[in-house]
Amino acid sequence: MTSRRARPPDGGYGWVVVMSAFFVMGLTAAVLKNFGLFFVDIQSHYRILTSTTSWITATTIATFHLGAPVASALTLQFSQRVVITVGGLLSASGMLLASLDLSLPWLYVTMGILQGTGIAFSWIPANSMVSHYFVHWRPIAYAIASSGECVFAIMFGPFFQWLIEMYSWQGALLIIGGMQLNLCVCGALMRPLEMNQSSVQETKDSLEGDATMLPPKKKAIFQCSLLRKPELSLYILFAIFAAAGFFIPPLFLVPFANSLGMDRYWPAFILSVLALADLAGRLICGWIANMRLLRNLQLLTMVVTLLGVVLLLLPISHNYCVILLFASLYGFLFGCVVAIHVTTIVDIVSLEGFDSGLGLFMLFRSIGGFIGPPAAGWLVDETKDYSSAFYLSGLCLISSAVFVVLADRRVQRRRAEAPCVVQAISQQEGREAGKASSGPGCL
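In our numbering, the protein residues as written are 306 to 748.
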């Protein structure tokens, strides 16, 4: 079976897109990952409970995920360049307005809703561009792009702590907002990949849909019908449970270290080491995924399960070196998960449905991201111990691995049935033509 498609360049200007996405990840996800540095200062400033403070981050995470389908739809309607530029303006506005420190609800609106929407409008199109520019090198290209989150997080840990001490947390937010205006520059570099006569060629469609491109823009619409795929529904359940555990450790690691009597720069150093391990995990896992030694879903199951186990063990010891070791393992495995959990959507819905699938994935993931941090904060308030937050995170991640296994089984069953469907169509065409068909039967 052949199809006329425009094949992604798999290089060339695609590497400029990768570097632009690298900076997008750093100026969005890395900033969000270091929100924990503001946690204690905001809590003491307003004299509020841990659970109340955690709602700021929870609102940001939830808005980020809820805005993902909107970002996907706008990307299909306009272009990645336009949506990322708008996202940069929203992110910067959120931080700049938050620095005014008008009230606690004001922080929910600015750091929460505005910042979360800006992250969604920047992060989603950046991932989309990388996926559409690459086929063979897609895993390693995405790993390089997503590593921007780690590289910037390594620098942001001590840098944000220094900003807080020099200019207060309000002044630090003002400076960060100015930095995020550079997202508009990143958006300007995102040149749309257009179909043209010179790039159209006859190619065979692979089972994974790797050699496919989005249809022409007039046909590109958001596909809610993808929810009918059982494997995508299972993958969404994985996203909900995983998100409930993903966003707890970065938020509570600094307060946990502070509760042990460590100097304030040591927790920031832990975040930098964690980000360095995260970077190694993304690059190594992206390289392994590119070698196709294991299916992406198999690899994802392994690293998610190990990640949950590490988080269960992290708070057992109160020794700084042991905590640093487990934080490094957590960072490495977290990077492994991030390197493949988005590109794996292509295996489930094909590249034609990637934008819509990613939007739906992020939308439902908001449930876990919105519930996880406040639930962990409530546990900390009840037990007076930050360890309970890490226990909750580990259990959520181990539970999410079960749904990855089930999704993998559904995908393999679908691929096994695909040749049988093709043979059945051929036999039907043969009967209509009055010809006998032969070939091995399908059970």
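Ideal Cβ placement from N, Cα and C applies to all residues, glycine included.
Check: Helix, strand or coil at residue 322 according to DSSP, with G and I counted as helix; Outcome: helix
Check: Expected contact under 8 Å - CB spacing of residue 547 and residue 699 to nearest Å; Outcome: Their Cβ separation, rounded to whole angstroms, is 12 Å, which puts residue 547 and residue 699 out of contact at 8 Å.
Check: Alpha carbon of residue 653 to alpha carbon of residue 434, nearest angstrom; Outcome: 18 Å
Check: Own chain residues within Cβ distance below 8 Å of residue 413, not counting five before or after; Outcome: 360, 361, 364
Check: Cβ shell of residue 331 (< 7 Å), same chain only, five flanking positions each side left out; Outcome: 453, 454, 456, 457
Check: Three-state class that DSSP yields for residue 314 in the structure shown; Outcome: coil
Check: Own chain residues within Cβ distance below 6 Å of residue 713, not counting five before or after; Outcome: 602
Check: Reduced DSSP category for residue 469 - H, G, I as helix; E, B as strand; rest coil; Outcome: helix
Check: Nearest residue (CA-CA) to residue 264, options 478, 449, 345; Outcome: For residue 264 there is no data in the structure shown, the boundaries of the chain being 306 and 748.
Check: Residues near residue 486 by beta carbon distance below 7 Å, same chain, minus five either side; Outcome: 393, 397
Check: Start-to-end residues for the alpha helix (DSSP H) that takes in residue 661; Outcome: 659 to 688
Check: Supposed contact pair residue 587 and residue 644 - C-beta distance, whole angstroms, cut 8 Å; Outcome: 4 Å
Check: Integer Cβ distance of residue 595 from residue 445, believed to fall under 8 Å; Outcome: 5 Å
Check: Through-space distance from residue 571 to residue 578, alpha-carbon basis; Outcome: 10 Å
Check: Check whether residue 373 and residue 663 have beta carbons under 8 Å apart; Outcome: yes
Check: Residue environment, residue 474, which counts as buried when at least 16 other CB atoms sit within 10 Å; Outcome: buried
Check: Segment contact flag, the segment 418 to 426 with the segment 558 to 566, C-beta cutoff 8 Å, min 3 pairs; Outcome: no
Check: Cα-Cα separation between residue 710 and residue 606, rounded to whole angstroms; Outcome: 7 Å
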